[in-house]
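Number of protein chains: 2
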Amino acid sequence: MGRRVTLIDVARHAGVSRTTASYVITGTGRVSTATRERVQASIETLGYVYNEGAAALRRTGRTIGVIVPNIDRPFFGEVLSGVEATFTDSGYMALMVSTRDRLDQQARLVRMLREHQVAALAIVPATGSNHDLVDAIRSWDVPTVFLSRYVAGSTEPYVGSDEVRGGYLAADHLVRAHQCRSITYLGGPKHGVARIDRLEGVLRALAESGSDVKLVDLTSESTVEAGIRAGRELAAGGLPDGIICHNDSIAIGVARALFDAGHAGSTRIIGYDDIGPARASVPALTSVATSGRILGETAARALLAVISGAEPAVRSHLAEPRLIVRESCGDHI
Amino acid sequence: MGRRVTLIDVARHAGVSRTTASYVITGTGRVSTATRERVQASIETLGYVYNEGAAALRRTGRTIGVIVPNIDRPFFGEVLSGVEATFTDSGYMALMVSTRDRLDQQARLVRMLREHQVAALAIVPATGSNHDLVDAIRSWDVPTVFLSRYVAGSTEPYVGSDEVRGGYLAADHLVRAHQCRSITYLGGPKHGVARIDRLEGVLRALAESGSDVKLVDLTSESTVEAGIRAGRELAAGGLPDGIICHNDSIAIGVARALFDAGHAGSTRIIGYDDIGPARASVPALTSVATSGRILGETAARALLAVISGAEPAVRSHLAEPRLIVRESCGDHI
DNA sequence: TTGTACGCGTTATCAT
DNA sequence: ATGATAACGCGTACAA
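Chains as they are written, first to last, in full-length UniProt numbering: chain B, 1 to 333; chain F, 1 to 333.
Here it is as C-alpha cells:
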C-alpha cells in the first residue's frame with residue numbers, strides 16, 4: 001500500500017508551491033489558467049484526495065450534527081431525508097444520531113458532536129429536554145436550530161409546524177363536520193410540547209364551537225402496537241365520537257383494533273403527519289399533514305445561510321399544517 | 001467569545017506536559033493517580049472539549065460512512081437505526097448519506113466520505129451498481145461491508161438476508177397452502193439483485209411443487225402510490241391467484257387498490273420486510289420478515305471488529321428470513 | 001514523564 | 001496579477 005497522496009505531492013508534481021495547489025483546489029485565490037490546469041492534471045494522475053479533516057483544523061468544517069429521537073420513525077425519516085439532501089447538495093455531510101428519546105443519551109451525543117467539531121446543529125430534542133440542553137448548546141456557541149420540537153420556555157431558533165393549529169384543525173373538523181360530542185386525544189409522551197400545543201388547539205376549537213364537548217386525553221407510545229393496545233381498551237371501555245391520534249402509526253393501530261372488536265367505522269379517527277401508508281389504509285386515514293421533508297430542508301437551509309455568513313442568525317419558521325380529509329373521520333360511514 | 005480551550009491550556013493549568021494530559025484523556029499511558037486527578041480537575045474547571053478532528057490527523061478517526069439509497073424508506077430506517085445505535089454505543093459516529101438510488105449521486109457521496117476520512121464504510125449500493133463502485137472502494141482501501149444489497153458478480157463482504165430463501169418461502173406458501181396456479185411478483189427495479197434472487201427462490205418453489213404455475217413478473221417503484229397504481233392495473237387486467245410484493249409499502253397499496261375495485265380478498269397478497277404497519281393493515285399483511293435492525297447491527301459490529309483489529313477481515317453474514325403468515329395471503333377468505 | 005517531530009491543508013504576509 | 005514562505009491549528013506517539 002503506497003503512502004497517502006498529499007497536497008505536497010501534488011505541488012511537487014506540478015512544479016508549484018503547496019499554497020498554489022491549495023488555491024486551485026478551493027478556488028479561493030488568484031492563479032493563472034495555465035498553472036491551474038497543470039495542478040489539476042497532477043491531481044488527476046496522482047489520484048489525490050482532499051483531506052477534509054486536515055482542512056477543518058484551520059477553517060470551519062463541513063460536517064453538521066443532526067439529532068433526532070428515533071431515526072426509524074417514519075416522520076423523522078422524512079425530516080432526515082430533507083436535512084440530508086439539502087446538506088449533501090451543498091457539500092456538507094450530516095452526522096446523524098438518535099437519542100432514543102432519552103435525555104442521558106442526548107447529553108452524551110451532544111458532547112460527541114461537539115468533540116467532532118460540527119459546524120452547526122439541527123436537533124429534535126428528546127422529550128423532557130430542559131434548560132440543561134439549551135445551556136449546553138449556548139455555551140458551545142454553534143449555530144443551532146431546534147427542529148419539529150422545541151424546548152419549553154426557550155426562545156431558540158425553531159423550525160416546526162404550528163402544532164396548535166394542527167390540533168385545532170383536527171378538532172374543528174370533528175365537532176363541526178361530524179358533530180362529535182366526545183373526543184379523545186390519544187398518544188404522545190405526557191409532557192411533550194407537541195402534545196400540549198395540539199391540546200391547546202383542540203380546546204380552542206371546542207370553545208369556538210359553542211357546544212359542550214367532552215375531551216379525554218390519553219398518552220401512549222408512538223407505535224402501531226401501542227395504537228392497537230389503546231384501541232382495544234377504548235373499544236372495551238366505550239368509544240368516544242372522535243379520536244385524534246398523536247401520529248399515523250398510532251391511528252393505524254387503533255383502526256385495526258376497532259376493526260377486530262367489530263367496531264369498524266363506529267367512531268372517527270384522525271392521524272397526524274400523513275405518512276405514506278395513511279392514504280392506503282382501510283379505512284383511508286384522515287390526517288394532519290406536516291410535511292417533514294420540507295421542515296428538514298428549511299432547517300438545513302437556515303443553518304447553511306448562517307454558516308456561509310449570509311444571515312446573521314438562524315431564523316425560526318412555523319409551517320402551516322393541512323388537514324387531509326379521507327375516510328377514517330367518518331366520511332365512509 | 002474566549003479562545004478555544006486546548007490541550008496545552010489543560011497541561012499548563014495542571015502543571016504537566018501536553019503528552020501526559022493526552023494520556024489521561026485517552027487512558028492510554030501509565031500516569032500516577034495523583035497527576036491523573038489533577039489533570040481531570042483542570043479539564044473540568046477549564047471546560048476542555050476533546051478535538052476529535054485534530055486527533056484523527058494522527059490515529060484513525062472515529063467516523064464511519066453509511067450509504068443507503070433512501071433514508072426515509074421504512075426498511076432502511078430500521079437498518080440505519082441498528083447501524084447508528086451500534087456505532088454510537090462504541091463511541092463512533094455515522095456520516096449517513098442517501099444516494100436516492102442514483103449512481104452519480106453514489107459516486108459523489110463515496111468521494112465525499114473518502115475526503116472525510118471515514119474509518120469504515122457500510123453501503124447499501126444503489127440499483128445498477130457495478131464494478132466501478134467496487135473498484136473505487138477497493139482502491140480506497142477502507143474496511144467495507146455491503147449491506148442488504150450486494151453488487152452482482154462481486155465477492156465483497158456482505159451482510160444481508162437470504163433473498164432466494166425469502167422468495168422461496170413466499171411462493172411455497174402460495175402454492176402449497178393456497179394452491180395458487182398463477183403468481184405475480186410485483187415491484188422492485190428490473191435488475192435489482194434482491195429481485196433477481198427472490199425470483200430464483202420463487203421458481204425453485206414452483207419447480208418443487210410439481211404443479212404447473214404461471215409466473216408473471218412486474219416492476220414498480222417501491223412506494224405505496226406505485227402499489228396503488230399497480231393494483232388498479234391488476235384489478236382491471238385480471239387478478240393472479242397470488243401476488244408477492246417487493247416490499248410492504250407496495251403490498252399495502254395493492255391491497256388498497258383491490259379494495260377500491262371491489263376485489264378485497266379475491267387474491268392472496270404477500271409483502272416483504274414486515275415493517276410496523278404490516279400487522280395492522282386491513283387485511284393484516286402476510287410478509288417475509290428480514291429484521292433490518294439486526295442486519296444493521298450485524299454490519300456495524302463486523303466493521304467495528306475489523307477497525308479494532310480483533311478480526312483480520314470483514315465477515316459476511318446471511319440472515320434467514322421468516323414468513324409471517326397473516327390474513328392477506330388468504331386466511332381471511 | 002517529557003520533548004518534539006509529525007499529520008495536512010489554510011491563510012496572512014512577503015516577493016516579483 | 002501571480003506565486004512563495006512560513007506560521008498555525010491540535011492532539012499523538014516515539015525516543016529519551
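In this text, a Cβ means the ideal position worked out from N, Cα and C, and glycines have one as well.
Length of the line joining the Cα atoms of residue i and residue j
{"i": "residue 250/F", "j": "residue 317/F", "result": "27 angstroms"}
{"i": "residue 329/F", "j": "residue 168/F", "result": "15 angstroms"}
{"i": "residue 139/B", "j": "residue 117/B", "result": "14 angstroms"}
{"i": "residue 334/B", "j": "residue 304/B", "result": "Given a span of 1 to 333 for chain B in the structure shown, any question on residue 334/B remains unanswerable."}
{"i": "residue 99/F", "j": "residue 293/F", "result": "20 angstroms"}
{"i": "residue 49/F", "j": "residue 35/F", "result": "19 angstroms"}
{"i": "residue 141/B", "j": "residue 111/B", "result": "13 angstroms"}
{"i": "residue 178/F", "j": "residue 319/F", "result": "26 angstroms"}
{"i": "residue 315/B", "j": "residue 53/B", "result": "29 angstroms"}
{"i": "residue 41/F", "j": "residue 107/B", "result": "20 angstroms"}
{"i": "residue 164/F", "j": "residue 288/F", "result": "12 angstroms"}
{"i": "residue 21/B", "j": "residue 7/B", "result": "7 angstroms"}
{"i": "residue 24/F", "j": "residue 39/F", "result": "7 angstroms"}
{"i": "residue 132/B", "j": "residue 56/B", "result": "28 angstroms"}
{"i": "residue 286/B", "j": "residue 325/B", "result": "5 angstroms"}
{"i": "residue 184/F", "j": "residue 233/F", "result": "13 angstroms"}
{"i": "residue 299/F", "j": "residue 172/B", "result": "48 angstroms"}
{"i": "residue 84/F", "j": "residue 109/B", "result": "12 angstroms"}
{"i": "residue 51/F", "j": "residue 197/F", "result": "46 angstroms"}
{"i": "residue 202/B", "j": "residue 201/F", "result": "52 angstroms"}
{"i": "residue 278/F", "j": "residue 239/B", "result": "25 angstroms"}
{"i": "residue 152/F", "j": "residue 58/F", "result": "36 angstroms"}
{"i": "residue 64/B", "j": "residue 322/F", "result": "38 angstroms"}
Counted within 10 angstroms of its Cβ, other Cβ atoms place residue i as buried (16 or more) or exposed
{"i": "residue 91/B", "result": "exposed"}
{"i": "residue 88/F", "result": "buried"}
{"i": "residue 66/F", "result": "buried"}
{"i": "residue 44/F", "result": "exposed"}
{"i": "residue 37/F", "result": "exposed"}
{"i": "residue 166/F", "result": "buried"}
{"i": "residue 310/F", "result": "exposed"}
{"i": "residue 62/B", "result": "buried"}
{"i": "residue 74/F", "result": "buried"}
{"i": "residue 143/F", "result": "buried"}
{"i": "residue 313/B", "result": "exposed"}
{"i": "residue 4/F", "result": "exposed"}
{"i": "residue 159/F", "result": "buried"}
Residue i vs residue j beta-carbon contact at 9 angstroms
{"i": "residue 60/B", "j": "residue 119/B", "result": "yes"}
{"i": "residue 78/B", "j": "residue 101/F", "result": "no"}
{"i": "residue 282/F", "j": "residue 211/B", "result": "no"}
{"i": "residue 205/F", "j": "residue 170/F", "result": "yes"}
{"i": "residue 276/F", "j": "residue 82/F", "result": "no"}
{"i": "residue 207/B", "j": "residue 218/B", "result": "no"}
{"i": "residue 214/B", "j": "residue 266/B", "result": "no"}
{"i": "residue 68/F", "j": "residue 93/F", "result": "no"}
{"i": "residue 227/B", "j": "residue 187/B", "result": "yes"}
{"i": "residue 156/F", "j": "residue 134/F", "result": "yes"}
{"i": "residue 161/B", "j": "residue 32/B", "result": "no"}
{"i": "residue 327/F", "j": "residue 284/F", "result": "yes"}
{"i": "residue 14/F", "j": "residue 145/F", "result": "no"}
{"i": "residue 268/B", "j": "residue 174/B", "result": "yes"}
Identity of the residues DSSP links to residue i by a beta bridge
{"i": "residue 135/F", "result": "None, per the DSSP bridge assignment."}
{"i": "residue 272/B", "result": "288/B"}
{"i": "residue 193/F", "result": "Partner(s): none; residue 193/F has no beta bridge."}
{"i": "residue 71/F", "result": "DSSP lists no partner for residue 71/F."}
{"i": "residue 322/B", "result": "289/B"}
{"i": "residue 168/B", "result": "Bridge partners of residue 168/B: none, in fact."}
{"i": "residue 76/F", "result": "DSSP lists no partner for residue 76/F."}
{"i": "residue 186/F", "result": "218/F, 245/F"}
{"i": "residue 147/B", "result": "159/B"}
{"i": "residue 123/F", "result": "67/F, 146/F"}
{"i": "residue 94/B", "result": "64/B"}
{"i": "residue 13/F", "result": "Answer is none; residue 13/F lacks a bridge partner."}
{"i": "residue 317/B", "result": "159/B"}
Does the structure place the stretch 246-263 of chain F close enough to the stretch 117-132 of chain F that three or more beta carbon pairs sit under 8 angstroms?
no
With three or more C-beta pairs closer than 8 angstroms as the rule, is the stretch 176-195 of chain B touching the stretch 127-134 of chain B?
yes
Would you check if there are 3 or more beta carbon pairs closer than 8 angstroms linking the stretch 232-246 of chain B to the stretch 257-277 of chain B?
yes
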